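**Student:** One point on numbering: in full-length UniProt numbering, the residue at position 172 of the sequence shown is 172, and numbering is uninterrupted.
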Amino acid sequence: MKSSIYLLIIGLLTLAFFFFSPQQKSGVGEVYAEKDGEIMVPQKNVAIVTLELSKSGLNFINPKDILRLGGLQKDFSSMKNVAKIESILNASRVISERDDILVSRAIPTDPQLISESYLKKLSQEIPEYPELTPFISKDLSTILFYIYYSNAADPREIHLELQQLQQKWKNDISFDFTGQSPIIAETELLLTKDIALFLPILFVMIILILSLFRSVGAVLSSLLMILVSMIFAYGFVKFIGIQDSPLVLLIPVFSIGLLSDYFIHYFYHRFHTPQGQLHKSLRRVLLFPLSLTALSTITGFLSLSLINGSGHLQLGLIMAVAVIITWTSVFLWIDSLKFTRVKNNVFSGFQKAQGRLFVLIAKYRILLFLIIFCGVIWGGSQLFNLSIEPYPIEQLPANSTIKKADRIINQDFYGTLPFFLEVDTGEINGLLKKETLLKLNDIHREMEDNNVGYAFSLLSVLKRMNYYFMGSEESFLSSTEFDDVYDALIEQYLLYYSSSVDPLEYESLLDNSYRYFSIKGLMYYHDHEDLTRFMTLMEDIRSNLPDGWTLANHGMAAQLEVEQTHLRNNWVLSFLSGSLLIFLTVLIYYRKIGLAVLSLLPGVVSMIFSFGLISISGISIDAFSIIFVAIISGLVIDYSIHTLIALDQIQEIQSLSQGFSKVIGYSGIPIFLSFITSVLSFSVLFLSSFSGARILGFLLLSSLILSFTMSLYLIPLIILPLRLKKEIRNA
């Protein structure tokens, strides 16, 4: 009766989750984010479109082609959550017209004014206007569209709509695109695109492994609860408003590899543990190890929510909830069902063979300990060489639209990564002083010397204004003619500028008290080292600021630094929380600090070895490869705690072979079956055509082998010889 109530509750909740799931909302984003500082901060979520004119038979000085490009820009503007489009088609420049200085569009809004002669003249003048250079290459062969989205926009939607526009315009105008959101979405799609083909094979494999228990009921109930757990968790996450991502296809792979572990341990102990060894009820025997495994797995997957991927939060929550449902189903449903006990132990041959193997290993255990010690030293030294990559573009195929766009931008323009710096001078009207602008000029020069890319600030505007009034940009700072009225000169220039420019654009350059100003632009980005160099430059600039000045970074570069920190903290959090869980639990349960310390060895050794392998393999830790830590943290604790419990169950041993055979008989066999299930599940990733999926598969498989070996062999290799000596001495 209780088991029926449990299933009924799970079923009703699942239906409720799907029935009452909220609809996805979308809308038009704002051009600027909420005021993080004292000036208007632009949205960080930017996609950049590259368009090589000659590939589409276009020419910049052809008015008809400009109008065709205007149609494309209109389509870009109509996409969901688009806040703003910037391109040469709507870019502004500061010009002198008769006696007026004004901000004017480079290409007029009136089609009648766009003539071939006008475009020829403009093409010759473009090098004179630095504010236009981010939008068109020097040889006029390539133009860029900067598409600003609201920060809350879904990366999958951005990627999908850009792909749809590519298809719509492919026979007329071809273009490529890049940006953080498209990169995340593209990587998620490639990571999972082949997995659906192999899911049936996974289910066949888990059926074959569960069939070793020779119980149809065990197979059916296990498969049912794995499916129920996945569906319930998916429905719950959908109910709380988290939308689907391509990473949802990883759920069956991880579920088969992880959730089956609970049923394998349960049915092995129910069918194959001798009745005399079950001093307590089966529920009490398994509650401790399975609970600890569940807690560590949940912690690992919840830590994925720290990562800024559209699917990481969904993946982490689904797996965490699925583990909870699986754990409860074992003790509240499976345990109440009746199964026919299998009499024959089909694993007896494996058990004896492992005993003989252990004796052989034990003979050379000193050498093995030395190898492990050297391996830990080596792996530890490699930790400092780990590269944390917050912008996972290198995994993408070279012929992908994103890599093509990225190549063009880094070759012909100023880089793909927007930055936005906010500087506080510490005093009202601080910007109206010549010393302030001289310091700002030094900052610009530092950025130029470090080949940052493109930087634009209030000083860029003032120099351009001075050029039209005085005939020189540099005289604005070098001349002493107007030093007595310098503040009035600045205000006059800004008055001209503000009368023509978008008010929000003006507010993103400075505040109305003349205390705060911004420096915004683009930086070159090839890998994480470029980000490190930029952040080092920011620290150098910050350290050289005058007293009372502060510098804050609000742009995408700062966001990537935060994500890099999250990636670094993610594996530390998963590893340390898992280690703390097993240490405290073993200490409280056994009241032996030595045993508690010993329980940490498999996790510490396997994780250090894994990161050593990652380092020498040249693999970067990114938002997708980091997933392996969440999985392995739970599995290594699972293997370790079951091994410790098996050792605790042994009453006496007469030889190493006999002692280890008992360990294998009690927990080693289900650990091995769980290991094989996980290996088969994660091996599916090797069948993917995407290198990122194969890298994740490599990380999972290598870490899994290390975790299994260290847990099942290293702990008994330390404990059993000591116990045998003690028993011989006592005898």
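Yeah, the Cβ is synthetic: ideal placement off N, Cα and C, and Gly gets one too.
Predicted model, so just to flag it, every value in this text is computed and none were measured.
Evaluate Gln559 with the Cβ neighbour count: other Cβ atoms within 10 Å of its Cβ, from every protein chain shown; 16 or more gives buried, anything less gives exposed.
**Tutor:** Here the question's residue 559 lines up with position 559 in the sequence shown. Looking at its Cβ environment, which holds 16 or more other Cβ atoms inside 10 Å, Gln559 is buried.
**Student:** Quick one: what's got a C-beta closer than 8 Å to Leu673's C-beta in the same chain, skipping five residues either side?
**Tutor:** Counted from its first residue, the sequence shown places residue 673 at position 673. Closer than 8 Å at Cβ, skipping near neighbours: Ile209, Leu212, Ile264 and Tyr268.
**Student:** Which term fits Leu147, buried or exposed, when burial requires 16 or more other beta carbons within 10 angstroms of its beta carbon?
**Tutor:** Here residue 147 corresponds to residue number 147 of the sequence shown, with the count starting at 1. It is Ile, not Leu, that sits at residue 147 in the sequence shown. The residue in question, Ile147, is buried, as its Cβ has 16 or more Cβ neighbours within 10 Å.
**Student:** Between the beta-carbon of Glu422 and the beta-carbon of Ala552, is there less than 8 Å?
**Tutor:** Taking the sequence shown and counting its residues from 1, one reaches residue 422 at position 422. Taking the sequence shown and counting its residues from 1, one reaches residue 552 at position 552. Yes, the Cβ-Cβ distance between Glu422 and Ala552 is below 8 Å.
**Student:** Starting from Leu510, follow its DSSP beta bridges and name the residues at the other end.
**Tutor:** Indexing the sequence shown from 1 puts residue 510 at position 510. Per DSSP, Phe517.
**Student:** When the Cα atoms are used, what is the spatial distance from Leu598 to Lys725?
**Tutor:** In the sequence shown, counting from the first residue as 1, residue 598 sits at position 598. In the sequence shown, counting from the first residue as 1, residue 725 sits at position 725. Each residue's Cα considered, the two are about 19 Å apart.
**Student:** Let's test the definition: count the other Cβ atoms within 10 Å of the Cβ of Pro602 and tell me whether it reaches 16, buried, or not, exposed.
**Tutor:** For this step, residue 602 is matched to residue 602 along the sequence shown. Buried, because 16 or more other Cβ atoms sit within 10 Å of the Cβ of Pro602.
**Student:** Are the C-beta atoms of Val376 and some chain C residue less than 8 Å apart?
**Tutor:** No chain C is part of this structure, which consists of one protein chain only.
**Student:** Express the C-alpha separation of Ser87 and Asp638 in angstroms, rounding to a whole number.
**Tutor:** In the sequence shown, residue 638 corresponds to position 638, counting from 1. In the sequence shown, residue 87 corresponds to position 87, counting from 1. Their Cα atoms are separated by approximately 55 Å.
**Student:** I need the boundaries of the beta strand (DSSP E) containing Val46, first residue and last residue.
**Tutor:** In the sequence shown, residue 46 corresponds to position 46, counting from 1. Unbroken beta strand (DSSP E) run through Val46: Asn45 to Glu52.
**Student:** DSSP three-state call for Lys121: helix, strand or coil?
**Tutor:** Here residue 121 corresponds to residue number 121 of the sequence shown, with the count starting at 1. In this structure, Lys121 counts as helix in the three-state DSSP scheme.
**Student:** May I have the straight-line CA-CA distance separating Lys193 from Leu53, to the nearest angstrom?
**Tutor:** By one-based count along the sequence shown, residue 193 stands at place 193. By one-based count along the sequence shown, residue 53 stands at place 53. Each residue's Cα considered, the two are about 32 Å apart.
**Student:** Where do the N-terminal and C-terminal ends of the alpha helix (DSSP H) with Glu446 fall, by residue?
**Tutor:** For the purposes of this step, residue 446 is taken as the residue at position 446 of the sequence shown. Residues Lys434 to Asp449.
**Student:** Exposed or buried, which one is Met643 when buried takes at least 16 other CB atoms within 10 Å?
**Tutor:** Position 643 of the sequence shown, counting from 1, holds the residue named residue 643. This sequence places Thr at residue 643; Met is not what is there. Thr643 should be labelled buried.
**Student:** Determine contact between the segment 472 to 490 and the segment 101 to 121, defined as no fewer than three beta-carbon pairs at a distance below 8 Å.
**Tutor:** Contact fails: fewer than three Cβ-Cβ distances are below 8 Å.
**Student:** For the ligand FMN, is there any heavy atom lying closer than 7 Å to the beta carbon of Ser703?
**Tutor:** As for the ligand FMN, it is missing from this structure, which has no ligand bound.
**Student:** Can you tell me whether Ser689 is buried or exposed, with buried defined as 16 or more other CB within 10 angstroms of its CB?
**Tutor:** Mapped onto the sequence shown, residue 689 falls at position 689. Exposed: under 16 other Cβ atoms inside 10 Å.
**Student:** To which residues does DSSP link Val423 through a beta bridge?
**Tutor:** Translated into positions along the sequence shown, residue 423 becomes position 423. Answer is Phe517 and Leu551.
**Student:** Would Gly57 be called buried (16 or more neighbouring beta carbons within 10 Å of its own) or exposed?
**Tutor:** One-based indexing of the sequence shown puts residue 57 at position 57. Under this definition Gly57 is an exposed residue.
**Student:** Quick one, are the C-beta atoms of Leu227 and Leu315 less than 8 Å apart?
**Tutor:** In the sequence shown, residue 227 corresponds to position 227, counting from 1. In the sequence shown, residue 315 corresponds to position 315, counting from 1. Not a contact, by the Cβ cut-off of 8 Å.
**Student:** So, helix, strand or coil for Gly453, using DSSP?
**Tutor:** For the purposes of this step, residue 453 is taken as residue 453 along the sequence shown, with counting starting at 1. Correct three-state label for Gly453: strand.
**Student:** Would you kindly work out how many angstroms separate the C-alpha atoms of Gln649 and Gln163, rounded to a whole number?
**Tutor:** Taking the first residue of the sequence shown as 1, we reach residue 649 at position 649. Taking the first residue of the sequence shown as 1, we reach residue 163 at position 163. So the alpha carbons of these two residues sit roughly 60 Å apart.
**Student:** Compute the Euclidean distance between the alpha carbons of Ile616 and Val376, then round it to the nearest angstrom.
**Tutor:** In the sequence shown, the residue the question calls residue 616 occupies position 616. In the sequence shown, the residue the question calls residue 376 occupies position 376. So the alpha carbons of these two residues sit roughly 14 Å apart.
**Student:** Taking Cβ to Cβ, would you say Pro503 is nearer than 8 Å to Val46?
**Tutor:** Stepping through the sequence shown from its first residue, residue 503 is reached at position 503. Stepping through the sequence shown from its first residue, residue 46 is reached at position 46. Contact flag unset, no.
**Student:** Which of the three DSSP states, helix, strand or coil, is assigned to Tyr149?
**Tutor:** Within the sequence shown, the letter at position 149 stands for residue 149. In the structure shown, Tyr149 sits in a strand (DSSP, three-state: E or B).
**Student:** Should the segment 654 to 674 be regarded as contacting the segment 321 to 340, the criterion being three or more beta carbon pairs within less than 8 Å?
**Tutor:** In short, these stretches do not touch, since the Cβ pair count stays below three.
**Student:** Can you name the residues that DSSP bridges to Met523?
**Tutor:** Residue numbering aside, residue 523 sits at position 523 when the sequence shown is read from its first letter. Note: Met523 sits in a beta bridge opposite Leu417 and Gly453.
**Student:** Just checking my contact of His567 with Ser702 at CB under 8 Å: how many whole Å lie between their CB atoms?
**Tutor:** The sequence position of residue 567 within the sequence shown is 567, counting from 1. The sequence position of residue 702 within the sequence shown is 702, counting from 1. In the sequence on display, residue 567 carries Leu and not His. Rounded, the Cβ-Cβ distance is 19 Å, inconsistent with contact.
**Student:** Restricting to Cα atoms, I'd like to know which of Asp484, Ile256, Gly594 and Arg270 is closest to Ile631.
**Tutor:** In the sequence shown, counting from the first residue as 1, residue 631 sits at position 631. Here the closest residue by C-alpha is Ile256.
**Student:** Closest to residue 733 by CA distance: which of Asp622, Leu700 and Gln651 is it?
**Tutor:** What the structure shows of the chain is the stretch from 1 to 731, and residue 733 is not part of that stretch, so it cannot be assessed.
**Student:** For Val501, which residues of its own chain have a beta-carbon under 7 Å away from its beta-carbon, when the five flanking residues on both sides are left out?
**Tutor:** Residue mapping note: residue 501 aligns to position 501 of the sequence shown, counting from 1. The residues are Ser92 and Val103.
**Student:** So within the segment 350 to 400, which uninterrupted alpha helix (DSSP H) runs reach at least 4 residues, ignoring any that extend past its ends?
**Tutor:** Counting whole runs of 4 or more residues, the segment 350 to 400 contains the alpha helix (DSSP H) stretches 365 to 382.
**Student:** Rounding to the nearest angstrom, what Cα-Cα distance links Leu720 and Ala353 in this structure?
**Tutor:** In the sequence shown, residue 720 corresponds to position 720, counting from 1. In the sequence shown, residue 353 corresponds to position 353, counting from 1. Spanning the two alpha carbons is a distance of roughly 17 Å.
**Student:** Look up Ile143 in the DSSP assignment and give the residues it is bridged to.
**Tutor:** Locating residue 143 in the sequence shown gives position 143, where the first residue counts as 1. In DSSP, Ile143 forms a bridge with Leu51 and Ile136.
**Student:** Going by the CB atoms, is the gap between Leu531 and Asn450 shorter than 8 Å?
**Tutor:** Along the sequence shown, one-based indexing puts residue 450 at 450. Along the sequence shown, one-based indexing puts residue 531 at 531. Contact flag unset, no.
**Student:** Quick one: residues in its chain with C-beta nearer than 8 Å to the C-beta of Ile715, no 5 flanking neighbours on either side, listed in chain order?
**Tutor:** In the sequence shown, residue 715 corresponds to position 715, counting from 1. For Ile715, where only same-chain residues beyond five positions count, the Cβ hits under 8 Å are Leu598, Ser599, Leu601, Pro602, Ser640, Thr643, Leu644 and Leu647.
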